[in-house]
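Have a look at the structure below before the remarks.
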Amino acid sequence: MSISVTKGGSRSGAGRPRRSAGANAGRPHAALALPAVLFFAFFAIVPMVLAFGLSFTKWNGLGNPQPAGLANWQKLFEDGRLTQSLTVTVLLTVVSWAFQTVVSLLLGVWAAGRQRNRAILSAVFFVPFLLSSTAISLLFYALLDPNFGIMPGDTLGSTNGAFLAIVFVGGWQFIPFHTLIYQGGARQIPEVLYQAAAIDGAGRYRQFFSITLPQLRNTATTSGVLMIVGSLTYFETVLILTQGGPGTDTAIVPYLMYEAGFKSYDFGYASAIASFLVVAATALSLLLVRLSGFGAMRSTREGM
Amino acid sequence: MESTTSNGGHTFSRRWVLGAAATTLVTAGTAGLTACGSSGGSGGGGTLTAFVYGDGDAKVQVQAIDRFNASAAAKKAKGKIKLEKVPGSEYPTKLRTAMGSPNAPDIFFNWGGGSIKAYRDAKQLVDLTDIIESDPVLKSGFLPSVLTAGGLGGRKYGIPMRGMQPVILFYNKTLFAEQKLQPPTTWDQLLDINKKLKRAGITPFALGGADIWPELMWLEYLVDRIGGPQVFDRIKNGDASGWGDPAVLKAAQTVKQLIDDGAFGKGFSSVAYTNGGAPAVFAKGKAAMHLMGSWEYNTQLGKFPDFARKELGWTAFPTIEGGAGDIRNVVGNPTNYWSVNARTSNKDAAIAFLRDCASETYAKELVAIGAIPTTANAEKLLDASPNPEFAKFQYQMVQQAPAFTLSWDQAVDPNVSTPMLTEVNKLFVGKSSPSQFVSALQGLK
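Chains as they are written, first to last, in our numbering: chain R, 5 to 308; chain E, 656 to 1100.
Structure, rendered in structure tokens:
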């Protein structure tokens, strides 16, 4: 295919001399994007549009949806549980981000060393990421059982305990992944910087704070965006560990949506929550990209 | 895209069309495969699909379907049935999704009452009232109260197909003997027992609070004993102001007292029944009593057979001084039912299959797994039960009950029962006070 594309490109260049042949050189044919575009359209755009449409109807999963105007949206903005869910979601995102960043930064920098024991341990650390979140949640649910588990007391029965359990279990699963990102980032830092610092008499900690950390700025942004967008969709962990409880204290927005849809069978309202979540998550990631300069990221090696 | 007019664009557009065609083919092929895979479910040459709650007891339904498929009745109706066992906790969701799709089951397990209301409203159920009336096997085959309890608004939509499931107060006979206690018949006795048990370092009640419905059982019995069965009857019929009945508030306050006294121990809200947590607490003697559906016996028999056979005792929920409810009143699930999808391709075969549920063979198979059939002929079969004493206790409990209140979460529509369960959980974990609980429930509609 690439041959015909090149041929086509050169011919079109000949036919239309004003167009620069260089602009298209090396670009894959647009048709190559077709499967991905179709896939995205069928499995992301179409369901999203349908869900948005459903949010203006009343539907219990049987028969045809009945138009309901803005009733679901009105209910959404008057629902006290949405406010609570949003607070919990934001809190969970921030705390997870802080916890995972600190641990995976330290682990990643440590694992960047080329010693053999570090390589072996890094491989071991990576294992949790290979397990499914459902399996991990079930495992921790059993470990946290108040009568037969390993933790004394009723961790999941208290608001703080349940919240921290979700943060910890999420971290346990995703820290290996972010460790890997930081490990890669740390290995990219040129050795000469450390050599120069050593000559200047900088110790191990000074080197970490003055070279490693600033050099990992872009890595931290990448991993941070992934963490924040990821924690908006923590769902299995909440479903299995706490079911939103105690009471409704850990019911994050995705769980609220699940409850409305698959427990109350109020698919109209569930779609309104889902549409809201899509808008909120998109706005948040755009904001993050803008604030962090992720879009216009510049090389950390400038001037070297 | 602008280059379509140029020479090069010619290649482009042909490729584009080919690529698009290929993708469409792949997509269509996949869709076709999916359709083929699932269309076997309904229709497909007279084979009917039946959905059943996929727990251990489903083996009775497996036997019944094998028997039916080999029977003359099946040949006459030109239909066979394929059973699909749906894992327990996912059952209601899977059923709802399937019923909203073209691949709906022809026959399906349900709890009667609120659990089938949405299907009735969507005209997806076969009204069995006249069929039962005109068929002596069905008409006189079951306990009338059970047959009625599965219906809606006086019409019948279900045929009883499993054992009765009253909620019973189970206790540990060994612990009671050690502490020189008698099972309680009044609330004061119960509080006295609690005091003595706590002094001995034993939690009075096991409770699987993480599942929430075990917590609900406490409120169901308390409201019945305090205000009588008519309190919930009013709520069930759609009158949300019925939650304002003083009996509901009193029941919630009683629950709060029990929790504050430590009657359920610490950490009950993160113990589940479904994963075996609460039954283990009870069987290992950490707790002395357990308010649970009659299936508790089978659960214990499976996991702690010695405990089930030797130490497990049972009694009715005690009365409350000054309360309106009779001690013989029962809450729980009368039984489970088969209902028939109105869009079934072979209604005759479905009805022929349902008639088997009234047969003595079917009842005997239920008895053999320790269930108590709701058929009229059941009592004489109970001697063959693995535990005749428990079987007869249950049968008489249901037979003599002046009122049988359907579990609240099954009696009302799911869009009421979900927030109701959330409020029950908030009450039990102390996130809302009894009066907040009542006003939250009054707001449900």
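Glycine included, every Cβ here is placed at the ideal spot set by N, Cα and C.
These numbers were taken from a predicted model, which means no experiment stands behind them.
Measure from the C-beta of A997 (chain E) to each C-beta in chain R and report whether the shortest distance is under 8 Å.
-> Chain R, which has no Cβ nearer than 8 Å to the Cβ of A997 (chain E), makes this no.
Bridge-paired residues (DSSP) for Q104 (chain R) = Paired residues: none, contrary to the question.
Inter-residue Cα distance where the pair is D916 (chain E) and E870 (chain E) | Separation of D916 (chain E) and E870 (chain E) (C-alpha to C-alpha, rounded to the nearest whole angstrom) is 16 Å.
By the criterion of Cβ-Cβ separation under 8 Å, what are the contact partners of G899 (chain E) in chain R?
-> Contacts between G899 (chain E) and chain R, judged by CB atoms closer than 8 Å, are missing: the closest CB pair is about 21 Å apart.
Starting from S994 (chain E), trace the beta strand (DSSP E) both ways and give me its first and last residue.
-> Annotation: the continuous beta strand (DSSP E) that includes S994 (chain E) extends over 992 to 995.
Which of helix, strand or coil does DSSP assign to T10 (chain R)?
-> Low per-residue confidence applies at T10 (chain R): pLDDT is 40, beneath 50, and the placement is therefore not dependable enough to give any value.
Own chain partners of A224 (chain R) with C-beta closer than 6 Å, once the 5 adjacent residues on each side are dropped | Contacts found: none.
Residue interval of the beta strand (DSSP E) (run including L1061 (chain E)) | That run of the beta strand (DSSP E) goes 1059 to 1061.
Start and end residues, beta strand (DSSP E) containing K986 (chain E) | The sequence shown places Val at residue 986 (chain E), not Lys. Taken as a continuous stretch (DSSP letters only), the beta strand (DSSP E) holding V986 (chain E) covers 985 to 988.
Spell out the partners DSSP gives G948 (chain E) in its beta bridges.
-> BP columns for G948 (chain E) point to E:V822.
Take V1084 (chain E) and list the residues in its own chain whose beta-carbon comes closer than 6 Å to its own, dropping the five residues that flank it on each side.
-> Excluding five sequence positions before and after V1084 (chain E), the CB atoms of its chain that fall closer than 6 Å to its own CB belong to S924, given in chain order.
Taking any Cβ of chain R, which residues in the stretch 772 to 805 of chain E have a Cβ under 7 Å from it, in chain order?
-> Under the 7 Å Cβ criterion, the stretch 772 to 805 of chain E contributes A773, Y774, A777, Q779.
Determine, using beta carbons only, whether T93 (chain R) comes closer than 8 Å to chain E.
-> Judged by the 8 Å Cβ criterion, T93 (chain R) is not in contact with chain E.
Please confirm if the stretch 852 to 871 of chain E is in contact with the stretch 924 to 939 of chain E, defined as three or more CB-CB distances below 8 Å between the two stretches.
-> Output reads yes: the stretch 924 to 939 of chain E touches the stretch 852 to 871 of chain E.
Distance CB(V257 (chain R))-CB(T93 (chain R)) smaller than 8 Å | At the C-beta level, V257 (chain R) and T93 (chain R) come within 8 Å of one another.
Check whether the Cβ atoms of F213 (chain R) and W63 (chain R) sit closer than 8 Å, and answer yes or no.
-> Cβ atoms of F213 (chain R) and W63 (chain R): not closer than 8 Å.
Pairwise C-alpha distance: A102 (chain R) and A935 (chain E) | Computed Cα separation, rounded: 38 Å.
Is T1073 (chain E) close to chain R, meaning its C-beta is less than 8 Å from at least one C-beta of that chain?
-> Taking Cβ atoms only, chain R reaches closer than 8 Å to T1073 (chain E), which makes this a yes.
Check the Cβ of R817 (chain E) against every Cβ in chain R and list those closer than 9 Å, keeping chain order.
-> Correct list: empty, because the minimum Cβ distance to chain R is about 23 Å.
Does any residue of chain E bring its CB to less than 8 Å from the CB of F3 (chain R)?
-> Here chain R covers residues 5 to 308 and nothing more, so residue 3 (chain R) does not appear.
In three-state DSSP terms, what is P859 (chain E)?
-> Looking at P859 (chain E) - three-state DSSP - the assignment turns out to be strand.
What do you get for A1004 (chain E), buried or exposed, if any count of 16 or more other CB atoms within 10 angstroms of its CB means buried?
-> Buried, since its Cβ has 16 or more Cβ neighbours within 10 Å.
How should V995 (chain E) be labelled, buried or exposed, when 16 other C-beta atoms within 10 angstroms of its C-beta is the threshold for buried?
-> So V995 (chain E) counts as buried.
Is the number of C-beta pairs between the stretch 812 to 829 of chain E and the stretch 1018 to 1034 of chain E that are closer than 8 Å three or more?
-> Result yes; three or more Cβ-Cβ pairs closer than 8 Å.
Along chain E, which residues have their Cβ under 8 Å away from the Cβ of D149 (chain R)?
-> Going along chain E in sequence order, the residues near D149 (chain R) (Cβ under 8 Å) are S925, V926, G932.
Residue-level contact to chain E via CB, K267 (chain R), 8 Å cutoff | So yes, K267 (chain R) belongs to the interface.
Near A902 (chain E), what residues of its chain come up, given a Cβ to Cβ distance below 6 Å and the 5 sequence neighbours on each side ignored?
-> If we look at A902 (chain E) and ignore the five residues flanking it on each side, its Cβ neighbours are V878, I881, G882, V886.
Considering L143 (chain R), what are the terminal residues of the alpha helix (DSSP H) in which it resides?
-> For L143 (chain R), the enclosing alpha helix (DSSP H) covers residues 137 to 147.
How many Å lie between G112 (chain R) and N953 (chain E) at the Cα?
-> Whole-angstrom Cα-Cα distance: 51 Å.
Would you say G30 (chain R) faces chain E, with C-beta separation under 8 Å as the test?
-> With 8 Å as the cut-off, G30 (chain R) does not count as an interface residue toward chain E.
Verify the CB distance criterion: does K1002 (chain E) have a CB-CB separation below 8 Å to chain R?
-> So no, K1002 (chain E) is outside the interface.
From the DSSP output, read off the bridge partner residues of G968 (chain E).
-> Answer is E:Y826, bridged to G968 (chain E).
Count the C-beta pairs between the stretch 728 to 745 of chain E and the stretch 700 to 707 of chain E that are closer than 8 Å, then say yes if the count reaches three, no if not.
-> Yes: at least three Cβ pairs fall under 8 Å.
For chain R, is any of its Cβ atoms less than 8 Å away from the one on P1069 (chain E)?
-> At least one chain R Cβ lies under 8 Å of P1069 (chain E).
Where does K835 (chain E) fall in DSSP's three states?
-> DSSP, read as helix, strand or coil, puts K835 (chain E) in coil.
Own chain, CB closer than 8 Å to T660 (chain E), minus 5 neighbours either side, in chain order = Low per-residue confidence applies at T660 (chain E): pLDDT is 35, beneath 50, and the placement is therefore not dependable enough to give any value.
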